[in-house]
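A short write-up of the structure that comes next.
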Amino acid sequence: MTKTKGKQLHLGVLLYGCGHHQAAWLMPDSSVERIGDISYYQSLAQLAERGYFDAVFFADNQSFAGKDSSNMPAFWFDPVVNLTAISQVTNHVGLVSTISSTFSNPFTASRQLLSLDHITKGRVGWNLVTSMTDFEALNHGMEGLPSHDKRYEKADEFAALMNKLFLSWDSNDFLHDREEGKLINPSNIQPINHNGTYFKVYGPSTTPKSPQGKPVSMQAGASKQGIALAAKYADAVYSVSWNLKQAKRFREKLDEQVKQSEDSNRHIKVFPGLVTYVGHTQEEALAKKAALDEQLPLETALKQLSFFIQQDCSNWEIDKEVPQLPPVEEFNGPVGRYETILEIINDTQPTVRELLGYLNAGGGHHTLIGTPEEVVDQMEVWIEAGVADGFNLMPPTLPGSLEDFVELIVPELQKRGIFRREYEGHTFREHLGLT
Numbered sequence: 001m002t003k004t005k006g007k008q009l010h011l012g013v014l015l016y017g018c019g020h021h022q023a024a025w026l027m028p029d030s031s032v033e034r035i036g037d038i039s040y041y042q043s044l045a046q047l048a049e050r051g052y053f054d055a056v057f058f059a060d061n062q063s064f065a066g067k068d069s070s071n072m073p074a075f076w077f078d079p080v081v082n083l084t085a086i087s088q089v090t091n092h093v094g095l096v097s098t099i100s101s102t103f104s105n106p107f108t109a110s111r112q113l114l115s116l117d118h119i120t121k122g123r124v125g126w127n128l129v130t131s132m133t134d135f136e137a138l139n140h141g142m143e144g145l146p147s148h149d150k151r152y153e154k155a156d157e158f159a160a161l162m163n164k165l166f167l168s169w170d171s172n173d174f175l176h177d178r179e180e181g182k183l184i185n186p187s188n189i190q191p192i193n194h195n196g197t198y199f200k201v202y203g204p205s206t207t208p209k210s211p212q213g214k215p216v217s218m219q220a221g222a223s224k225q226g227i228a229l230a231a232k233y234a235d236a237v238y239s240v241s242w243n244l245k246q247a248k249r250f251r252e253k254l255d256e257q258v259k260q261s262e263d264s265n266r267h268i269k270v271f272p273g274l275v276t277y278v279g280h281t282q283e284e285a286l287a288k289k290a291a292l293d294e295q296l297p298l299e300t301a302l303k304q305l306s307f308f309i310q311q312d313c314s315n316w317e318i319d320k321e322v323p324q325l326p327p328v329e330e331f332n333g334p335v336g337r338y339e340t341i342l343e344i345i346n347d348t349q350p351t352v353r354e355l356l357g358y359l360n361a362g363g364g365h366h367t368l369i370g371t372p373e374e375v376v377d378q379m380e381v382w383i384e385a386g387v388a389d390g391f392n393l394m395p396p397t398l399p400g401s402l403e404d405f406v407e408l409i410v411p412e413l414q415k416r417g418i419f420r421r422e423y424e425g426h427t428f429r430e431h432l433g434l435t
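Numbering-wise, the sequence shown is residues 1 to 435 according to full-length UniProt numbering.
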């Protein structure tokens, strides 16, 4: 494939457990024993930095049922605390934490993120979510999650308030002038007096705005409300796209929403999830996937599918076609993943077993299997089509699949001139070209 001129792709990695494949923990070289070891996450971030990744990213779930022997305690650490520890052993890689507007206090959340942004001199981003499960709500004094519409109404106010707090005053107003006897310039440090439907915050923040202006704002919702929220507030979005058709549709929806926003000309960067199996030959890459798939417990895979489609499929006949599912308009769960499942079914007419095979690593994200050249060829197709500004890597195993990506795919990207050979700036915004 011809060299891409002028375009530089971006890379993030979603760190989760010992890998995104449900059977990763069962492999002989699994890192499952290190799930509660902070040095494990630090080493993964250092590996991503060695590959010049833009960012490491943590999702979050504020509940842990712990009722099934297959439940992975992957959210062992609070993501902000985890990233703070990671910040002390890295120098450049961006640090993205998930924040739930449904459960978080915006004053506290903004203060934590700003604090880490100052500690790292501008390497922080945050991923706004509205959360997905009633189990999480039960840990926050609720009987269940509010409706989808209510969650996004609250998220809109939350995002606007976070921006007010992020920018409420400047570090230049900390004068510490001994001769004049002035510590601060109080005329520039004023309350924000936010009095909304869901939040009342007098302000200002105790922490001045960050070295990069404000932390990079990410968003991951694929519903109509989620895309509308991203169009108003996000610098970049994570997306779920199984194929190019779905990726194009998401980009079109996002662009249409941006046109209707106040800043109708801005470009929001899109990072589809990416699962890779790479080897020196295609046979080697396929063997890596097959070894994981062979270990996959069907019961565990069916439980994951039940969560994705919000109905019990434990009694489905494994070697028959997937039963008819309701259209996305009638679905009240995580829309992006559900759309992906419908897309896979429409494209392949799979049996239940075959569908599980598509979903068992990363839940239906774009999956590439092959040599570095073959994988990068397909990555370039998405970049050239304008549907992706980069990818959010979801390694099937950790650290193994991330090591493969850094050692095999990154050099191929660099060879084609579409990925950095060194960090040219320090802040996360500089990495993403947002400044």
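Idealized CB from N, CA, C, for every residue including glycine.
Exercise. By how many angstroms is the C-alpha of Lys303 removed from the C-alpha of Ile318?
Worked result: The residue labelled residue 318 in the question sits at position 318 within the sequence shown. The residue labelled residue 303 in the question sits at position 303 within the sequence shown. Straight-line Cα distance between these residues: approximately 13 angstroms.
For this session: Output yes or no for whether 9 angstroms exceeds the beta carbon distance between Trp169 and Ser217.
Result: Your numbering for residue 169 matches position 169 in the sequence shown. Your numbering for residue 217 matches position 217 in the sequence shown. No, the pair does not count as a contact, with Cβ atoms beyond the cut-off.
For this session: Quick one: grab the DSSP three-state call for Gly19.
Result: Here residue 19 refers to the residue found at position 19 when the sequence shown is read from its first residue. Correct three-state label for Gly19: coil.
Exercise. With a CB to CB cut of under 7 angstroms and the five nearest residues on each side skipped, what residues in its chain are close to His20?
Worked result: As a working note, residue 20 is residue 20 in the sequence shown. So the list reads Val275, Ala361, Gly362, Met394, Pro395, Pro396, once near-sequence residues are dropped.
For this session: Tell me whether the beta-carbon of Asn61 lies closer than 9 angstroms to the beta-carbon of Thr130.
Result: Taking the sequence shown and counting its residues from 1, one reaches residue 61 at position 61. Taking the sequence shown and counting its residues from 1, one reaches residue 130 at position 130. Going by C-beta atoms, Asn61 is not nearer than 9 angstroms to Thr130.
Exercise. Nearest CA to the CA of Tyr202: which residue from Leu113, Gly122, Thr108, Thr98?
Worked result: One-based indexing of the sequence shown puts residue 202 at position 202. Cα-wise, what sits closest to Tyr202 is Thr108.
Problem set entry | Between the CA atoms of Asp54 and Glu424 - distance to the nearest angstrom | Counting from one through the sequence shown, the residue named residue 424 turns up at place 424. Counting from one through the sequence shown, the residue named residue 54 turns up at place 54. Distance between the alpha carbons of Glu424 and Asp54 is about 11 angstroms.
Exercise. Per DSSP, what kind of secondary structure is Asp293 in: helix, strand or coil?
Worked result: Within the sequence shown, the letter at position 293 stands for residue 293. If DSSP states are grouped into helix, strand and coil, Asp293 belongs with the helices.
Exercise. Should Lys3 go down as buried or exposed, given a rule of 16 or more other Cβ atoms within 10 Å for buried?
Worked result: Start at 1 with the first residue of the sequence shown, and residue 3 comes out as number 3. Because Lys3 sits at a pLDDT of 45, beneath the cut-off of 50, its placement in the model cannot be relied upon, and the following sentence gives the value as read from the coordinates. Result: exposed.
Problem set entry | Continuous beta strand (DSSP E) stretch holding Val278: start and end | Locating residue 278 in the sequence shown gives position 278, where the first residue counts as 1. It spans 269-278 - the beta strand (DSSP E) in which Val278 sits, taken as one unbroken run.
Exercise. Nearest-angstrom Cα distance between Trp76 and Arg178?
Worked result: Within the sequence shown, residue 76 is the residue found at index 76, counting from 1. Within the sequence shown, residue 178 is the residue found at index 178, counting from 1. One C-alpha to the other measures close to 46 angstroms.
Exercise. Mind checking whether Leu44 and Val13 have CB atoms under 9 angstroms apart?
Worked result: Indexing the sequence shown from 1 puts residue 44 at position 44. Indexing the sequence shown from 1 puts residue 13 at position 13. Closer than 9 angstroms, so yes.
Problem set entry | Per DSSP, cross-strand counterpart(s) of Trp126 | Along the sequence shown, one-based indexing puts residue 126 at 126. For Trp126, which the question treats as bridged, DSSP gives the partners Ser97, Ser217.
Problem set entry | Residues bridged to His10 (per DSSP) | In the sequence shown, residue 10 corresponds to position 10, counting from 1. Per DSSP, Gly390.
Exercise. Which of the three DSSP states, helix, strand or coil, is assigned to His365?
Worked result: As a working note, residue 365 is residue 365 in the sequence shown. Coil, per DSSP.
Problem set entry | Three or more C-beta pairs below 8 angstroms linking the segment 303-312 and the segment 276-294 | no
For this session: Find out if the Cβ-Cβ distance for the pair Ile341, Gly357 is shorter than 9 angstroms.
Result: One-based indexing of the sequence shown puts residue 341 at position 341. One-based indexing of the sequence shown puts residue 357 at position 357. No. Outside cutoff.
Exercise. Are the C-beta of Gly94 and some C-beta of chain E separated by less than 9 angstroms?
Worked result: In summary, chain E is missing from the structure at hand, where a single protein chain is found.
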